[in-house]
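Residue numbers 3 to 713, in my numbering, belong to the letters of the sequence shown in order.
Take a look at the structure set out below.
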Amino acid sequence: MKKFISIAIALAFLFTLMIPSNMAQAQADTKISLKQAIEIAKQKLGISDSGYDFNSNYYEYGNKKSWNLNWNSSSKGNISVTIDADTGEITNYYSWSPIAQEQPRIPKYTQDEAKKVAIEFLQKVAPEKFKETKEQINNNNYGYNEYYSNDYNFTFERVVNGIPFPYNALYVTVNKNTLKVTSYSLNWEDYSFPDPKAAISKEEAIKIFKEKIGLKLQYNLVYNQVYGNEPQAILVYGIYQNAPIDAITGEIKTNEYYYVPMYDGGGGGSEVGRESRQKLSPEEQKAVEASEKYISKDKAIEVVKNSLPFSISDYKLSSVNLYSGYDYPPAKSNPIWYLNWALTKDNKYYYVSASVDAVTGELTSFSRGGPDIDNVQGKELSYTKEQMRKIAEDYLKKIVPEKFSKTAYQETNIPESSKMIEMPAYPFRYVEVANGILCPFNNINVNVSPYTGEIVSYSIHWTSVKLPSPENIISLEEAYKIMFDNSEFTLTYIPDYDYKSPDKPPTIRLAYQSNFYNYINAKTGQIVDYSGKLVVKKSEVVFTDIEGNWAEKDIKLLVQYGIIDVKEDKFYPDKDILQKDFVKMLIRAIQPPYYDPMPKSSDDYDTYYAIAINKNIITEKEKSPDSMVTRQQAAKMLVKSLGVGYIADIPDIFTINFKDKDKIPQDMIGYIAIISGLKIMNGSDGYFEPQQPLTRAQAAAVIVRYLQLNK
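In C-alpha cells form, the structure reads like this:
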C-alpha cells in the first residue's frame, strides 16, 4: 500500500497543480540544464533516442524543481524520466512498450534473478541512497500476490539509526519475462530524526499497547464457503483501532484527518414501458411479488422529512431511485430508496441525500452539504466534544431508540476538540454490544458540526444474525501470544503532519506499532482474514533436497506462487507423485486462492477433487487419491483443464510420431498429441512412455510449462 501511495504522490507531483515555467528562465534558475538532464537520463538509463519523438517540460512545486523528459514512439512505446533540476538525481522513470501477446502467468525469470537486476539498477541511479536502505519484505505475503502481474515489485525503504522510515524509499519494478526495469521511483526528503536512545523499552510499549489499544474480543460477520452459504458471526480477537505509540512520550498518536462525508445518492433511473405484457419468468414474478411489499416513494419521502433533524421545506426533490438489495458478502440488504434534494440560494448550491429501507421504512442514511457547511476555514469552534456527543445521542434516542440502547460509544482516533481546527464535522460512532462483546458490523454513525451544532450526516448498518456464545474460547493472553508470535511490534519512524499548516514539513516521530491486521479465531486460535478464511503464512522452511536438481527452478517458482506447500524441508523430487497431489497442484495453478470454493486447509483434498470434477478435469470414476499418476493420465487432466478435452476425444484426427505409439491407447492419442504439440510434455529420446509414473519433479516442470503457455 505504501508503494502505491508513494507512486500516486509522485504522479501527482508530476502532473497536477503545476504550471510549466518559462524554459529560458528555467535554464538560468537551475543547477542542472536541460542538456545535462538529457545526458544524465541517457547515460544512467541506457536510453537510445533512435525512432522516438522527444519533448520536455520544466516544473516547480514547492521547493522542488524538475525536468520531465519524454521519448514517445507509436511502435516502440514510451519512456518518461524526471530529473531533479538542482541535484541531477533521477526521481522517476517509467518505460512502456507494446506487448504482442498476453504474458504467461508463470514468469521466465525468478524473483531472485529480478532482484539482482533491481539492485544493480539502484546502485547505478542512486548509489548513496541505496546504501541507506533495506529491502522491505512483505510479511503478509501468502502467495499469489503478483499472480496476474507481469512485473516483480521491489521496495527498499530508508533506514535511519538502524530503524526503518518506510515513508522514504526506492521503488523498482522488473519485468518477469525480460528482466527489464520498467519503472523506478525515488521518495526521499531531508528530515531530522529523533535519537532512539531516548525511546521507552519494547516491554513498556507493549504494556501501553495492551492498556490503551490492545486486542478486543468481537464478533465478525463472515460469508464464504468455509462457514456456509449464509452470513454468520464468528468470535475473533482483533485490534479494533490500531495506532502508533510515541516511543519518546508513550502517547498514542491519533490519525489527524479531515472528515469527508459519504454520499449515498444514486444515478438516474429508467422506466419500463407499461405496454409490455410479456409473460414473466419465475424470478421476475418473484421480484414483482416482493416489490408489492415495498413502501411507496411518497412514503419514503415522508419518512425522510419526519426523521431529519432539520427542515428541507425549501429544497426541491431532484432524483428518486429504488435499488434492489445486495446479496453478497458479508451480508444481505433489503431494497433501498435513494432520494436527493437540492437548493440554490444566493448563488450557492446546497444538497441533501437520504436513503430509506424499502421494506422496513427505516431511514438508513442522510448527508447534507454546501459551502456554509463544508467550508469552515477561519471559523471558530462553538461546541465541545461533550456537547456534540449529547446532540448526537439525543437524536439517536429519538430515531432508533431500540438499536441505540444496544450500542456503546467508540472513541475514534482523531484529534481532541482543541485540535479540531478546520474539521467540518466530528464523528461519533456507536457499535452494538452483545454478551458484553463488540459487534463492529452493527454500527450507527453521526457527524456533528463543531461550529453550528447541527448533525450533517447519519448512517446505520445493522444485520440480524445469530451470535455464538462466548464459551470455550481461548484467553486474551493466549490471543496476545498468537498475535506477537505472528507479527511484528517494532520501532519505526513516522511523519507527524500539522494540518493547521499544510505547507509545513512534518515532524518525524519515533514510534512503536503493530503490523497485525488480521484476526484470531477465538474458538480455534487460528489466524483468519476479514472474511473468516484461514490465513496460511508462507513457510520459512526451504527444501533441502532440490539443489542441483534439473527441476529446481520450476519447483522454486511454484513455491513462490503458493502452488506447492513447504511444510517440511524435503520435496522428494524423484518420488512418484500421487494423484491427489497432482490434482491439488493443478487446481492451485488454475484457480487463485480468493476464489470460492477453496479448500479449508492445504490437505482438504475432497474440495480439490470437487473443483476438478466440476471443471471436468477428472471424473468421479477416475478418482483414486493414493494411486500414482501416469504420464498419459497427467496429459489427459492437463488437456481437459485447457478446455479442449472434447477435441482430444474426436477419433482419427490426430497422429503421433513417438516410437512407443503402439503402447498408447486409442482414446489417449488426442490428449498426448495436444499436450506434446504444446510442448508441455515432450517425452524422452522419441518415447512418450505413457504408462510411466510421473515424478514430483516432472510434475512441477509440467505445471510450469502449462502456466507459461499463452492461453
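Every residue, glycine too, gets a C-beta built ideally from N, C-alpha and C.
The structure presented is a predicted model; accordingly, all values stated were derived computationally and were not measured.
With the rule of 3 Cβ pairs closer than 8 Å, the stretch 694 to 706 counts as touching the stretch 569 to 579.
In terms of CA proximity to Ile49, Trp73 leads the group Tyr186, Trp73 and Gly371. The criterion of a C-beta distance shorter than 9 Å is satisfied by Ile401 and Tyr460. In the three-state DSSP reduction, Tyr186 falls in the strand class (E or B). As the crow flies, the alpha-carbon of Asp547 is around 11 Å from that of Ile557. Gln45 counts as exposed, since fewer than 16 other C-beta atoms from the protein chains shown sit within 10 angstroms of its C-beta.
Looking at the DSSP output, Phe573 sits in no beta bridge, so it has no partner there. Excluding residues up to 5 positions away in sequence, Ala553, Asp556, Ile557 and Leu560 lie with their Cβ nearer than 6 Å to the Cβ of Ala702 in the same chain.
With fewer than 16 neighbouring CB atoms inside 10 Å of its own CB, Lys37 falls in the exposed class. Assignment of Phe123 by DSSP, reduced to helix, strand and coil, places it in the helix class. For Asn155, the CB contacts under 6 Å within the same chain, skipping 5 residues up- and downstream, are Thr175 in chain order. Where Glu130 is concerned, the enclosing alpha helix (DSSP H) starts and stops at Pro129 to Phe132. In this structure, DSSP gives Asp578 an extended state, which the three-state scheme calls strand. If you ignore the 5 residues before and after Trp339, its C-beta comes within less than 6 Å of the C-beta of Ala302, Leu324, Val358 and Ala360, all in its own chain and listed in chain order. By the Cβ neighbour-count rule, Lys318 is exposed, with fewer than 16 other Cβ atoms within 10 Å of its own.
Listed in chain order, the non-local C-beta contacts of Ile677 below 7 Å within the same chain comprise Ala637, Leu640, Val641 and Met683, local neighbours out to five positions each way being set aside.
For the options Tyr239, Leu711 and Glu206, the alpha carbon positioned closest to that of Leu217 is the one of Tyr239. Linking Leu644 to Gln668 through their CA atoms gives a straight-line distance of about 21 Å. When DSSP reads this structure, Gly79 sits in a beta bridge with Ser75.
Taken in chain order, the complete beta strand (DSSP E) segments of 3 residues or longer contained in the stretch 154 to 205 are 165 to 177 and 183 to 189. Closest by C-alpha distance to Asn70, out of Asp606, Thr93 and Glu382, is Thr93.
Of all C-beta pairs linking the stretch 343 to 356 to the stretch 384 to 401, fewer than three are shorter than 8 Å, placing the two stretches out of contact.
The C-beta separation of Ser451 from Pro426 comes to about 7 Å, placing the pair in contact by the 8 Å criterion. Judged by DSSP secondary structure, Phe406 falls outside any beta strand (DSSP E) and instead within the alpha helix (DSSP H) spanning Pro403 to Phe406.
Approximately 14 Å separates the beta-carbon atoms of Ala200 and Ile247; this is outside 8 Å, ruling out the contact. In this structure, the straight-line span from the alpha carbon of Tyr385 to that of Ser326 is close to 40 Å.
Counting only the Cα atoms, Pro233 lies some 14 Å from His463. With contacts defined as CB atoms closer than 9 Å, Lys586 and Tyr563 fail to qualify as a contacting pair.
When DSSP states are grouped into helix, strand and coil, Gly647 belongs to the helix group.
Counting of Cβ neighbours within 10 angstroms places Glu205 among the exposed residues, the total staying below 16.
Taking a contact to require three or more Cβ pairs closer than 8 Å, the stretch 406 to 414 and the stretch 433 to 448 qualify as touching. In summary, Ala171 is buried, with 16 or more beta-carbon neighbours lying within 10 Å of its beta-carbon over all protein chains present. A residue is called buried when at least 16 other Cβ atoms come within 10 angstroms of its Cβ; Tyr689 does not meet this threshold and is exposed. A straight-line Cα-Cα distance of about 54 Å links Val435 and Ser68.
Contact check between the stretch 485 to 497 and the stretch 515 to 523: three or more CB pairs, one atom from each, fall below 8 Å, which counts as touching. The beta carbon of Asn523 sits closer than 7 Å to those of Ile236, Val238 and Val530, all from its chain and outside the five residues before and after it, given in chain order.
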